[in-house]
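*Asks:*
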Amino acid sequence: MSGPADRAIGVFDSGVGGLTVVRALRRELPGEHIVYLGDTARVPYGSKSPSTVLRYSLQNARFLLARGIKQLVIAFNTASAAALPDLEGALPVPVLGAVAPGAAEAVAATRTGRIGVIGTLGTVRSSSYRRALAALRPDVQAAAVACPLFVPLAEEGWTEGDVPRQVALRYLGELFAALEDIDTIVLGCTHYPLLQPLLQQVAHDLTGRTVRLVDSAGAMARATRAELAARGALREGTGGTLECFVTDAARIDEVGPRFLGEPLGPVAQVDI
Ligand code: DGL
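In C-alpha cells form, the structure reads like this:
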C-alpha cells in the first residue's frame with residue numbers, strides 16, 4: 153500500500169546542473185522517488201532578470217506539483233536566490249532552496265571566519281549568500297565573484313587541462329584578492345561540483361593552503377533528509393526511482409550523465 157511518504161520529491165533546475173543535486177539526493181535518500189524537470193529550452197537563468205527567473209520557476213514548480221510531489225527542491229542557486237520566498241508563499245508543498253544549506257555548511261567549516269562565494273551573475277548580484285551567511289554568523293566576512301564561464305565548461309566536459317585552469321586562476325585570483333584569509337569557498341552553482349578537483353588544486357596553488365570547498369548539492373541533500381524526517385515524510389530503504397523531464401532534449405543523453413554520474417534512463421521532452 154502506498155502512503156504520503158511514497159510521493160515523489162520534485163526537483164527543478166534551469167537545465168542539467170541540478171542533476172548534481174539529484175545525484176546527491178539519490179546517494180543520501182536511496183528510497184525516495186524523484187521527478188526532475190530541467191528547463192533546457194530556456195537555460196541559462198543565471199544572466200536573466202529576477203522577475204523572469206521567478207516567472208519561469210513558477211511554471212516549473214506547477215508542472216511538478218501536477219505530478220503530486222510531497223516536497224519541492226529548487227536545485228540551482230540562481231532561482232533559489234531570486235525566487236525562494238515567492239515560491240514558498242505560492243506553493244502548497246514545502247520548498248527547499250540551495251542557498252541556506254550551503255551557507256550553513258560554510259559557516260560550520262570556516263576557521264578564519266572568511267568565506268568566498270562563487271556563482272552565476274544572478275546569484276552573486278542577489279547578495280543572497282552574503283545575507284544568509286550574515287544571518288547565521290554576523291562576524292563572518294564574505295566575498296563573492298561571478299564565474300559565468302564555468303557553466304559551459306562543465307557542460308562541455310572541459311573540467312581539466314589548460315583552458316579551465318586559466319579561467320579558474322582568473323576567477324579565484326579575483327576572489328582571493330577581494331578578501332584575505334579565505335579558508336572556505338561555497339560552490340554556489342550546481343554546475344561547479346564537476347570542476348571541484350580543478351578548483352581545489354587552483355585554490356591551493358594560489359594560496360599555498362588547502363581551502364575547503366562546500367558543495368551545495370551535498371548540503372541540499374542532507375537538508376532535504378532533515379526536512380522530510382521532521383515531517384515524518386521520509387521514504388526509508390532503497391528502491392527510489394528517477395523520472396526525468398526536459399523542455400528541450402537536444403544533447404541531454406550526452407551531457408546529462410556527466411552531471412548525474414550515471415545514465416539518465418528515458419527522458420521525456422515536455423512543453424510547460
Ligand atoms: N546551475 C545553475 C545555478 O546553480 C546555473 C545555470 C544557469 O545559469 O541557469 O545557478
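With the numbering used here applied, the sequence shown covers 153 to 424. Using N, Cα and C, we set each Cβ at its ideal position, and we do this for glycine too. The structure displayed is predicted, hence computed values, not measured ones.
Closest to V168 by CA distance: which of T204, D291, G309 is it?
*Replies:* G309
*Asks:* Check whether the Cβ of T399 lies closer than 8 angstroms to any Cβ atom in chain D.
*Replies:* In the structure shown, chain D cannot be found, because there is only a single protein chain.
*Asks:* For E257, count neighbouring Cβ atoms within 10 angstroms of its own Cβ and tell me buried if that reaches 16, exposed if not.
*Replies:* buried
*Asks:* Since I believe D158 is in contact with T264 (beta carbons under 8 angstroms), could you give me their beta-carbon distance rounded to a whole number of angstroms?
*Replies:* Going by Cβ atoms, the distance from T264 to D158 rounds to 45 angstroms, so no, they are not a contact pair.
*Asks:* Please tell me whether V251 and I221 are closer than 8 angstroms, where the distance is taken between their beta carbons.
*Replies:* no
*Asks:* Tell me the rounded alpha-carbon separation between A227 and V259.
*Replies:* Cα to Cα, the separation comes out at about 21 angstroms.
*Asks:* In this structure, does DSSP put L224 in helix, strand or coil?
*Replies:* strand
*Asks:* At 3 residues or longer, what runs of the beta strand (DSSP E) sit wholly inside the stretch 225-281?
*Replies:* Whole beta strand (DSSP E) segments, 3+ residues: 266-271.
*Asks:* Would you identify the three-state DSSP class for R364, choosing helix, strand or coil?
*Replies:* strand
*Asks:* Spatial neighbours of V205 within its chain, please: C-beta separation below 8 angstroms, excluding the five flanking residues on both sides.
*Replies:* Y197, T230, A231, A234, A235, G274
*Asks:* Please go through the stretch 334-386 and give each complete alpha helix (DSSP H) segment of 4 or more residues, from N-terminal end onward.
*Replies:* 348-359, 368-382
*Asks:* Is the beta carbon of V292 sitting closer than 8 angstroms to the one on A286?
*Replies:* yes
*Asks:* What is the residue span of the alpha helix (DSSP H) that L171 lies within?
*Replies:* 171-180
*Asks:* Ordered along the chain, which non-local residues of its own chain (more than five positions away) have a Cβ less than 8 angstroms from that of G392?
*Replies:* R178, L181, P182, G183, E184, H185, I186
*Asks:* Using the Cβ count rule (16 or more neighbours within 10 Å means buried), how would you classify G313?
*Replies:* Exposed, because fewer than 16 other Cβ atoms sit within 10 Å of the Cβ of G313.
*Asks:* When the Cβ atoms of the stretch 334-341 are set against those of the stretch 359-376, are three or more pairs found closer than 8 angstroms?
*Replies:* The stretch 334-341 is in contact with the stretch 359-376.
*Asks:* Under 8 angstroms Cβ to Cβ from F397, same chain only, skipping five residues before and after it: list those, please.
*Replies:* V187, Y188, L189, G190, F215, V419, A420, Q421, V422
*Asks:* If we ignore side chains and look at the alpha-carbon of each, how far apart do R266 and G417 end up?
*Replies:* Roughly 42 angstroms between the two C-alpha positions.
*Asks:* Would you report the Cα separation of P304 and Y344, rounded to the nearest angstrom?
*Replies:* 10 angstroms
*Asks:* Check for me: the alpha helix (DSSP H) holding E307 runs from which residue to which?
*Replies:* 302-307
*Asks:* Between I424 and N212, is the Cβ-Cβ spacing less than 8 angstroms?
*Replies:* yes
*Asks:* Output the boundary residues of the alpha helix (DSSP H) element that contains E395.
*Replies:* Where E395 is concerned, there is no enclosing alpha helix (DSSP H), although the beta strand (DSSP E) it sits in stretches over 394-398.
*Asks:* With 16 other CB atoms within 10 Å as the buried threshold, where does G389 fall?
*Replies:* Taking all protein chains in view, the Cβ of G389 is surrounded by fewer than 16 other Cβ atoms within 10 Å, so the residue is classified as exposed.
*Asks:* Could you check if A378 is buried or exposed, using at least 16 other CB atoms within 10 Å of its CB as the buried criterion?
*Replies:* Taking all protein chains shown into account, A378 has fewer than 16 neighbouring C-beta atoms within 10 Å of its C-beta and is therefore exposed.
*Asks:* From what residue to what residue does the beta strand (DSSP E) around A420 run?
*Replies:* 419-421
*Asks:* Can the beta-carbon of I100 be found closer than 8 angstroms to that of V225?
*Replies:* Residue 100 lies beyond the residue range present for the chain, which begins at 153 and ends at 424; the question has no answer from this structure.
*Asks:* Report, in whole angstroms, the separation of the C-beta atoms of L412 and R219, which I expect to be a contact under 8 angstroms.
*Replies:* Contact doesn't hold; Cβ gap of about 19 angstroms is too wide.
*Asks:* Is it the case that the Cβ atoms of A296 and V315 are separated by a distance below 8 angstroms?
*Replies:* no
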